[in-house]
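Count the sequence shown with the UniProt record's numbering and you get residues 1 to 535, in order.
Even for Gly, the Cβ is constructed at its ideal location relative to N, Cα and C.
Reading through the structure tokens given below for one structure.
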Amino acid sequence: MSNTHFLKNLLILLLPALLVGGLLSIAGDKADGLKIGLLSLCGGAVMLLAYAKHSKIMAWIASVWWVLFVAHSLILSASWLWYDSSLDAYFVTQSLANTTFHESVEFLQLHAFNLVVMMAAVVLTVFAYVFILKKYFNPSLYQQAKRWHKIVMFILLLIGVAAWAIRPIRALSPPIYWQTYHHKIKAFRNQTAQHQTWQQNWLNQARENGIYDNVPAQQTMVLVLSESLTSFNLSVCDYPRETTPELHKRLPEIRIWCNAYSPYPSTLNALKAMLTDVPSDNPDFTPTQSLQAYAKQAGFKTFWLSNQDDSYLSSLFGSFADVAVYNNKRSGRSSVAKDAELLPHFQAALNDVAPRKLIIVHLIGSHPNYSARYSAEFARFPNSNDAAVEQAVATQLQQANAGFWVKQQRDDYDNSVLYQDFVLSELLKSLQHNQAAVRSLIFVSDHGNEVGHEKDFAGHSPKTRAGYRVPIVMWDSRNMLPTGADKNTPIDAAQLDENALNLMGIKLKNANTTVIWHEQNYHFPQIQNFPYWEK
């Protein structure tokens with residue numbers, strides 16, 4: 001068989017996989033498009049065997065295989081075309097979980113034409129492919145193939161099988177994906193009901209336990225919750241690379257604590273501890289109090305502006321806000337949305353006419369993958385023009401026995417820190433230009449990351465100090481805070497809610513007076529499992 005004939009026949013076998021993957025890629029999700037395209041490759045091998053063995057059963061299996069994958073790709077693509085978002089995104093899941101039978105009928109009526117076109121496309125695709133097979137495909141492809149032809153086909157088959165062996169890729173296959181999605185919708189409904197009960201209890205507790213006599217009549221309180229940002233990599237905290245030039249400029253007007261510690265090395269538990277009364281040694285505790293509830297009881301309009309797509313946090317905190325914005329369309333490491341995309345939404349919240357506002361900005365920060373967390377103009381490290389600084393960083397990495405991959409991750413991580421410095425500066429600038437009588441801001445990361453600080457590893461780290469050590473930045477328009485960088489005082493980041501309430505003028509009955517970070521009598525609490533990374 002000539003090379004031309006081989007390539008033509010191979011292309012015919014691969015055509016469904018190219019269609020399956022290409023459709024979703026064009027619609028908006030290149031990563032998942034590639035994955036389901038690879039998963040579908042095995043269908044080509046089944047079709048080839050069907051021809052080789054003259055088996056109608058195998059031909060039917062291959063046909064059903066392709067129909068399932070094409071339909072699967074069409075549905076996932078439709079989510080991007082209709083919502084510009086993944087089907088797994090919080091607001092899509094929320095919509096599906098809360099949809100009634102009548103709303104489903106209305107949706108089907110509204111999109112009836114598109115749905116008919118999609119079904120027709122599946123049917124026509126199948127018939128077109130069958131026609132191409134019968135007219136152009138040479139069944140003797142494998143028997144007449146040269147040695148390198150067989151090697152190519154074997155490699156493609158191996159790739160398809162390997163895709164099924166990798167759990168995150170296999171999870172996108174039609175049967176597993178839709179079974180998981182069904183359970184996700186069911187769990188979401190149960191979770192939402194539980195969170196609504198919690199939220200009502202929080203409001204009841206806020207009515208009973210809050211003292212609101214000294215709340216300013218006009219105030220904007222901003223909480224900026226970053227992600228995976230350790231203070232070990234902030235130049236304002238003595239890191240060699242200049243990763244925080246904007247914070248350096250603002251030191252005369254802000255307070256930054258370099259030696260703060262998050263109680264947990266993961267987002268969910270950390271934010272529950274920071275925004276509610278979940279203790280630092282019991283992540284399964286059912287929260288009874290909430291910063292948002294006290295703010296609501298004091299007459300604050302609450303905002304949740306998020307660049308993370310996390311269904312649990314969105315249900316627990318986002319749904320409790322008066323205004324919620326979800327900028328990110330994808331979950332976890334595959335996300336490429338930049339935090340600066342929240343700036344217009346933040347400005348809109350500042351411009352809201354409500355006299356009292358609590359604006360919580362949830363950034364994706366320096367979450368892995370680090371290279372996706374900053375725009376191109378912030379790719380400044382390594383800096384070949386500063387050999388002494390680069391040598392200092394190289395020495396740190398060498399002491400941790402960091403390999404090539406972790407060294408590359410450190411460069412990307414530092415670029416993401418530089419980008420965070422820019423985003424925080426822009427948020428602070430907008431707040432300072434706002435006309436509210438009282439304005440306050442607290443910036444904190446949910447937890448840190450290990451990036452070659454103590455070992456040859458990059459990512460979330462429950463067993464190293466960098467997994468917990470975070471920066472805290474505070475600013476207040478009343479000039480009531482000390483300024484500059486405190487590089488030594490240990491700070492408990494779990495006390496974020498008490499410190500925010502203090503700036504807002506909200507007092508709690510029987511409150512602990514030693515939890516305010518900037519007060520002279522502050523001391524780090526006695527926590528049974530601290531240092532966390534040694535437990």
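DSSP on residue i, reduced to helix/strand/coil?
i, result
"V222", "strand"
"K365", "Contrary to the premise, residue 365 reads as Gly rather than Lys in this sequence. Three-state result, G365: coil."
"W80", "helix"
"V451", "strand"
"V325", "strand"
"Y264", "coil"
"F137", "coil"
"S352", "The sequence given here places Asp at residue 352; Ser does not occur at that position. D352: coil per DSSP, three-state reduction."
"V417", "helix"
"P525", "coil"
"S311", "helix"
"L15", "helix"
"A171", "coil"
"S40", "coil"
"V515", "coil"
"S445", "strand"
"A376", "helix"
"S55", "coil"
"M119", "helix"
"A217", "coil"
"G22", "helix"
"K357", "strand"
"A45", "helix"
"G403", "coil"
How would you label residue i, buried or exposed, when you count the other beta carbons within 10 angstroms and need 16 or more for buried?
i, result
"L234", "buried"
"T302", "buried"
"I159", "exposed"
"residue 537", "What the structure shows of the chain is the stretch from 1 to 535, and residue 537 is not part of that stretch, so it cannot be assessed."
"D238", "exposed"
"N502", "buried"
"V116", "exposed"
"E534", "exposed"
"R478", "exposed"
"N204", "exposed"
"R207", "exposed"
"I256", "buried"
"S384", "exposed"
"L156", "buried"
"Q409", "buried"
Note down the Cα distance separating residue i from residue j, rounded to an integer number of angstroms.
i, j, result
"A193", "F317", "13 Å"
"A376", "W60", "49 Å"
"residue 554", "Y136", "For the chain, the structure presents residues 1 to 535; residue 554 sits outside this window and is missing."
"R465", "N259", "11 Å"
"N214", "A500", "14 Å"
"S335", "S228", "15 Å"
"G452", "N401", "8 Å"
"R250", "K429", "10 Å"
"S77", "P16", "16 Å"
"A273", "Q528", "15 Å"
"H518", "S425", "21 Å"
"H182", "G37", "23 Å"
"I516", "Y413", "31 Å"
"G365", "S73", "31 Å"
"A340", "W304", "15 Å"
"K80", "V20", "The sequence as given places Trp at residue 80; Lys does not occur at that position. Straight-line Cα distance between these residues: approximately 15 Å."
"T125", "T395", "59 Å"
"Q432", "G33", "44 Å"
"W65", "V406", "40 Å"
"L342", "E498", "26 Å"
"S461", "P265", "6 Å"
"K56", "D456", "54 Å"
"K35", "S63", "20 Å"
Whole-angstrom Cβ separation of residue i and residue j, contact assumed at under 8 Å?
i, j, result
"P245", "D421", "7 Å"
"K329", "D309", "7 Å"
"K507", "I211", "4 Å"
"R170", "W164", "5 Å"
"M58", "V46", "6 Å"
Got a sec: does the ligand FAD put a non-hydrogen atom nearer than 6 Å to the Cβ of residue i?
i, result
"D456", "You won't find the ligand FAD in this model; it holds no ligand whatsoever."
Open item on the list: Three or more C-beta pairs under 8 Å: does that hold for the segment 490-503 against the segment 514-528?
Closed with: Contact annotation: the segment 490-503 touches the segment 514-528, with at least three C-beta pairs closer than 8 Å.
Open item on the list: Any contact between the segment 219-239 and the segment 429-442? By contact I mean 3 or more CB pairs, one from each, below 8 Å.
Closed with: By the Cβ criterion, the segment 219-239 is in contact with the segment 429-442, since at least three pairs of Cβ atoms, one from each stretch, lie closer than 8 Å.
TODO: Could you say if the segment 172-181 and the segment 460-476 meet the contact criterion of at least three C-beta pairs nearer than 8 Å?
DONE: no
- [ ] Could you tell me whether the segment 356-376 touches the segment 290-299, using the rule of 3 or more Cβ pairs below 8 Å?
- [x] yes
- [ ] Please determine if the segment 389-406 and the segment 342-352 are in contact, where contact requires at least 3 C-beta pairs separated by less than 8 Å.
- [x] no
- [ ] Please confirm if the segment 279-289 is in contact with the segment 509-521, defined as three or more CB-CB distances below 8 Å between the two stretches.
- [x] no
Open item on the list: Pairs of beta-carbons, one from the segment 442-452 and one from the segment 472-483, closer than 8 Å: are there three or more?
Closed with: yes
- [ ] Pair every Cβ in the segment 195-202 with every Cβ in the segment 315-329, then say whether three or more of these pairs are closer than 8 Å.
- [x] yes
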